[in-house]
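Student: Numbering (this note's numbering), first residue to last: 260 to 950.
Questions regarding the structure given below will be posed in turn.
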Amino acid sequence: MIAQRKKKEANQLTLQDTINRQQSIINKDKITIEHFLTTHVLSDGSTYKSRLEQINIQRDGNFTIFLDDVKDYLFINDNQVKDKKILDRIENNAARYLNIFKEVIYTLLPSRVGFDPSSLDSVDVLTIQRETKKLSFPLELKAKFETFIRPRKSQEITPIRELRAAKIGKLVRVKGIVTRATDVRPLARVITYSCEQCGNELYQTIIGNRFLPQYKCPSKTCQKGNKTGTLLMQPRASKFVKIQEIRIQELVEEVPMGATPRNLIVKVEGPLVQLCAPGDVVTIEGIYLPDEFFSRKDMHIGFISNTFMKAMSIEKQKKNYTTYTLSSEIKTRISDEVKDFPFEEIYNNLALSIAPEIYGLEDLKKALLLTVVGAPTRRMKDGVSIRGDINTLLVGEPGIAKSQLLRAVAGVAPRSVYTTGKGSSGAGLTAAVIRDQLTKEWVLEGGALVLADMGICCIDEFDKMDETDRTAIYEVMEQQSISIAKAGITTSLNARVSIVAAANPIKARYDIQKSVSENVNLPAALVSRFDLLFVLLDDATQDFDKELALFVCKSHRGEVGESKAIYDVEFLRAFIGNAKNFNPIVPETLTDYIVDSYVKKRSKPKNKLDDLIITPRSLLAIIRLAQSVARLRFSNEVNSQDVDEALRLIDVSRSSIDKFQVGLNLIDPTNTNDIDQLLDEFESKSENEYD
260 MIAQRKKKEA NQLTLQDTIN RQQSIINKDK ITIEHFLTTH VLSDGSTYKS
310 RLEQINIQRD GNFTIFLDDV KDYLFINDNQ VKDKKILDRI ENNAARYLNI
360 FKEVIYTLLP SRVGFDPSSL DSVDVLTIQR ETKKLSFPLE LKAKFETFIR
410 PRKSQEITPI RELRAAKIGK LVRVKGIVTR ATDVRPLARV ITYSCEQCGN
460 ELYQTIIGNR FLPQYKCPSK TCQKGNKTGT LLMQPRASKF VKIQEIRIQE
510 LVEEVPMGAT PRNLIVKVEG PLVQLCAPGD VVTIEGIYLP DEFFSRKDMH
560 IGFISNTFMK AMSIEKQKKN YTTYTLSSEI KTRISDEVKD FPFEEIYNNL
610 ALSIAPEIYG LEDLKKALLL TVVGAPTRRM KDGVSIRGDI NTLLVGEPGI
660 AKSQLLRAVA GVAPRSVYTT GKGSSGAGLT AAVIRDQLTK EWVLEGGALV
710 LADMGICCID EFDKMDETDR TAIYEVMEQQ SISIAKAGIT TSLNARVSIV
760 AAANPIKARY DIQKSVSENV NLPAALVSRF DLLFVLLDDA TQDFDKELAL
810 FVCKSHRGEV GESKAIYDVE FLRAFIGNAK NFNPIVPETL TDYIVDSYVK
860 KRSKPKNKLD DLIITPRSLL AIIRLAQSVA RLRFSNEVNS QDVDEALRLI
910 DVSRSSIDKF QVGLNLIDPT NTNDIDQLLD EFESKSENEY D
């Protein structure tokens, strides 16, 4: 018994020594932090204390401490600061040291006694009264700003998938796409009560999202009188902060093949709210923390805790998808290619680099290349915008590699979403309305088209979509927005996307006696919204089948891409990203040429089986395709060759439904010799049939 008692006392002493040691370290760190805030001179000649005073006067904004400045302070004051591990302690125990920074900052705040009464609010008036009467009150009531800690710039981005238990409590930097954002709500930080009997004030500091209100006055005055006073909450004398909850999802390129994308809940406070919306790609710095248990009901799944991130900064990265960041090596390689090879050769090689494992289909690959590049969006003075995104539809029999082409396009585009029409509901494509667990209200969660904003949405099995789900595409393909009116939520979301869709014929074989709409069961109004439509037929010819079989055999031996000029995906993506920096315009000298070409196409006799009737939308398609070609030339002006290529691709897409053609090896409809040859083949075929 005596030995057990001594062992227990020794353990208690060891625990107490550890607590005392930790408290001693914290006290020393407080002194170091105060010295850092008051003495360290920043690059602009100011100190954190002077910034603090300025922010307190402005009564708005955020007070941010950069750990790079702490690192510089430790380097400059090497002799004074003996403990150099304070920086590691801040990074590894960020939540604790954020509160320590706040404690030191609140003590440095100047008193507002003597300020202009017109600039004071209710909390200021009460604070001055407390200061003059020397009453104690939470120092957090004095702060009119939020405090944040930013990690060092050298800290790398941690993939959402790699956030493990070892990251709990640490400062982390993550990148993802916003899929949901709740409404902004007030969160209580300090609640002020006043007693209706004695007038005593009581302060309740709130930790977390829930608290138990106080009702009985604990003051000695009420206790002596044997009359327990009732506490009344004073909202205007309390402190509330804006809070919002967002959910981010890891980017497509970070998701392993066949894996489910991971999500992360981010809690945003103060000036960081409403900085992003669903569909935005953001880089967030914050503290990775476990969620709190408030009752036994919350622990029904055991001691497994949910995690979230407390945001310290939010930076939108959407610009990275319109301007691609190029390394010096890639820049040199691109400039060498442009100097050493003519544009026609580079153009062909770029197209062949899309799905090089697929044989042929050169014109289709060029069309997909121009779809990824796109054209600049034009905004008129009256606020109307003309879309620059190109929409392409692939219609073909099974086994033509339509799905493979869509996946190749999704892999090349820096921002893309791949989905199937059969597995996507209207809510899955546009936006779903779900109940938020924090506010218990209905909120919007972006679908595939919203997440692909400023990118490409590849929709396979387009013909398998229900009619109610397909109606969501109409507005997106022309107005590039999604109007939502669900569960009392009426809003409009951005969906500035290029749609690349693939559809199969109804009976697996394309019937040349029917139109495209009848073959794939798509309304003509929807088909007309596509700038390009390609019909791919599996026609059997001995020469083509032999070449295709040889190509497939070489593919299995790893000999795909015999030409050394085919570019890798990294170079292709960099080239396209650089091309998107250019905003070509159509010069006045080309106006007559484009108008004449458009009028000539409108005057051609219409085929009753042709869904691609030339309309004013076709004129815009010509301009968009020409601008896309000009972008690939790294030019800010469209020339006649760009227009010719746009017209050629439109003719190819219209001619692809010709039953005499194989794949995309098409006859030029402007060449009279080719037309005569076509008629001769038709006559000879008719004679053979009657023979």
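Yeah, the Cβ is synthetic: ideal placement off N, Cα and C, and Gly gets one too.
These figures come from a predicted structure and were not determined experimentally.
Quick check: what's the CA-CA separation for Ser595 versus Glu588?
Tutor: Checking the displayed sequence, the identity of residue 595 turns out to be Asp instead of Ser. One C-alpha to the other measures close to 11 Å.
Student: In the DSSP assignment, find the unbroken alpha helix (DSSP H) run with Leu891 in it and report its ends.
Tutor: Pro875 to Leu891 is the extent of the alpha helix (DSSP H) around Leu891.
Student: What separation, rounded to the nearest whole angstrom, lies between the Cα atoms of Phe789 and Val888?
Tutor: Spanning the two alpha carbons is a distance of roughly 18 Å.
Student: For Phe322, tell me which candidate among Val329, Lys361, Lys344 and Lys287 has the shortest Cα-Cα distance.
Tutor: Cα-wise, what sits closest to Phe322 is Lys361.
Student: Cβ of Ala784 versus every heavy atom of the ligand ATP: is any distance shorter than 7 Å?
Tutor: Absence of the ligand ATP from the depicted structure is noted, as is the absence of any ligand whatsoever, leaving it without description.
Student: Between the C-alpha atoms of Met736 and Ile324, what's the straight-line distance to the nearest angstrom?
Tutor: The straight-line gap from Cα to Cα measures roughly 45 Å.
Student: In this structure, how does DSSP classify Tyr474 when only helix, strand and coil are distinguished?
Tutor: Three-state result, Tyr474: coil.
Student: With DSSP as the reference, identify every bridge partner of Val329, one or two as the case may be.
Tutor: The partner list for Val329 (beta bridge, DSSP) is empty, contrary to what the question assumes.
Student: Cα-Cα, which of Leu471, Ile909 and Ile524 is closest to Ala880?
Tutor: Of the candidates Leu471, Ile909 and Ile524, the one whose C-alpha sits nearest the C-alpha of Ala880 is Ile909.
Student: Given a cut-off of 8 Å, decide if Ile419 and Val437 are closer than it, judged by their beta-carbon atoms.
Tutor: No, they are not a contact pair.
Student: Roughly how many whole angstroms lie between the Cα atoms of Pro928 and Ala711?
Tutor: Residue confidence is low: Pro928 scores 44 on pLDDT, short of 50, so the model does not pin down where it sits. Its coordinate-derived value is still stated next. Computed Cα separation, rounded: 37 Å.
Student: Decide if Ala518 is buried, meaning its Cβ has at least 16 other Cβ atoms within 10 Å, or exposed.
Tutor: That one is exposed.
Student: Under 8 Å between the Cβ atoms of Arg296 and Arg409?
Tutor: Reading the sequence as shown, one finds Leu at residue 296 and not Arg. Cβ atoms of Leu296 and Arg409: not closer than 8 Å.
Student: For the alpha helix (DSSP H) containing Val671, list its first residue and its last residue.
Tutor: Run containing Val671: Lys661 to Val671, per the alpha helix (DSSP H) assignment.
Student: For the 8 Å Cβ check, are there 3 or more pairs between the stretch 846 to 861 and the stretch 890 to 902?
Tutor: Cβ pair count under 8 Å is three or more, so yes.
Student: With a Cβ-Cβ cutoff of 8 Å, do Gly545 and Val532 count as a contact?
Tutor: Against a cut-off of 8 Å, the Cβ pair of Val532 and Gly545 comes out as no contact.
Student: On the CB-based measure, 16 or more other CB atoms within 10 Å of its CB, does Tyr307 come out buried or exposed?
Tutor: So Tyr307 counts as buried.
Student: Let's see if you can read the secondary structure: which residues bound the alpha helix (DSSP H) around Ala690?
Tutor: Taken as a continuous stretch (DSSP letters only), Ala690 belongs to no alpha helix (DSSP H), being part of the beta strand (DSSP E) at Ala690 to Arg694.
Student: Is the distance from the Cβ of Arg884 to the Cβ of Ala761 below 8 Å?
Tutor: Per the sequence shown, the amino acid found at residue 884 is Leu instead of Arg. No, the Cβ-Cβ distance between Leu884 and Ala761 is not below 8 Å.
Student: Report the rounded CA-to-CA distance for Ala496 versus Ile505, giving the unit in angstroms.
Tutor: The straight-line gap from Cα to Cα measures roughly 29 Å.
Student: What would DSSP say about Ile613, mapped onto helix, strand or coil?
Tutor: In the structure shown, Ile613 sits in coil (DSSP, three-state: anything other than H, G, I, E or B).
Student: Are three or more beta carbon pairs between the stretch 602 to 618 and the stretch 716 to 733 nearer than 8 Å?
Tutor: No: fewer than three Cβ pairs fall under 8 Å.
Student: Could you spell out where the beta strand (DSSP E) holding Ala761 opens and where it closes?
Tutor: Taken as a continuous stretch (DSSP letters only), the beta strand (DSSP E) holding Ala761 covers Ser757 to Ala762.
Student: Between which two residues does the beta strand (DSSP E) harbouring Ser787 extend?
Tutor: That residue, Ser787, is in no beta strand (DSSP E); it is neither H nor E in DSSP.
Student: Closer than 6 Å by C-beta to Gly458: which residues in its own chain qualify, once you throw out the five before and the five after it? Chain order, please.
Tutor: Excluding residues within five positions, none has a Cβ falling inside 6 Å.
Student: Where does Tyr826 fall in DSSP's three states?
Tutor: Correct three-state label for Tyr826: coil.
Student: Could you give the distance in angstroms between the alpha-carbon of Tyr474 and the alpha-carbon of Lys483?
Tutor: Those two C-alpha atoms are separated by around 18 Å.
Student: Would you decide whether Asp855 is buried or exposed? Buried here means 16 or more other CB atoms lie within 10 Å of its CB.
Tutor: Under this definition Asp855 is an exposed residue.
Student: In the DSSP assignment, find the beta strand (DSSP E) that holds Leu653 and state where it starts and stops.
Tutor: Taken as a continuous stretch (DSSP letters only), the beta strand (DSSP E) holding Leu653 covers Thr651 to Gly655.
Student: Cα separation between Pro472 and Val511?
Tutor: Each residue's alpha carbon lies about 45 Å from the other.
Student: What does the alpha-carbon distance come out to for the pair Gly658 and Ser413?
Tutor: If I take the Cα positions, the gap works out to 49 Å.
Student: Can you tell me which of Ile758, Ile290 and Phe499 puts its alpha carbon nearest to the alpha carbon of Leu785?
Tutor: Ranking the options by Cα distance to Leu785, first place goes to Ile758.
Student: Report the residue from Tyr826, Tyr356, Ser787 and Thr291 whose alpha carbon sits nearest the alpha carbon of Glu604.
Tutor: When each option's Cα is compared against that of Glu604, the closest is Tyr826.
Student: What runs of the beta strand (DSSP E), each 3 residues or longer, lie entirely inside the stretch 488 to 536?
Tutor: The qualifying runs are 490 to 492, 498 to 508 and 522 to 528.
Student: Do the stretch 670 to 681 and the stretch 737 to 746 meet, that is, are 3 or more Cβ pairs less than 8 Å apart?
Tutor: No: the two stretches stay apart, fewer than three of their Cβ pairs being nearer than 8 Å.
Student: If distances are taken between C-alpha atoms only, which option among Asp442, Glu513, Met492 and Leu523 comes closest to Ile1024?
Tutor: Missing from the structure shown is residue 1024; the chain here goes from 260 to 950 and no further.
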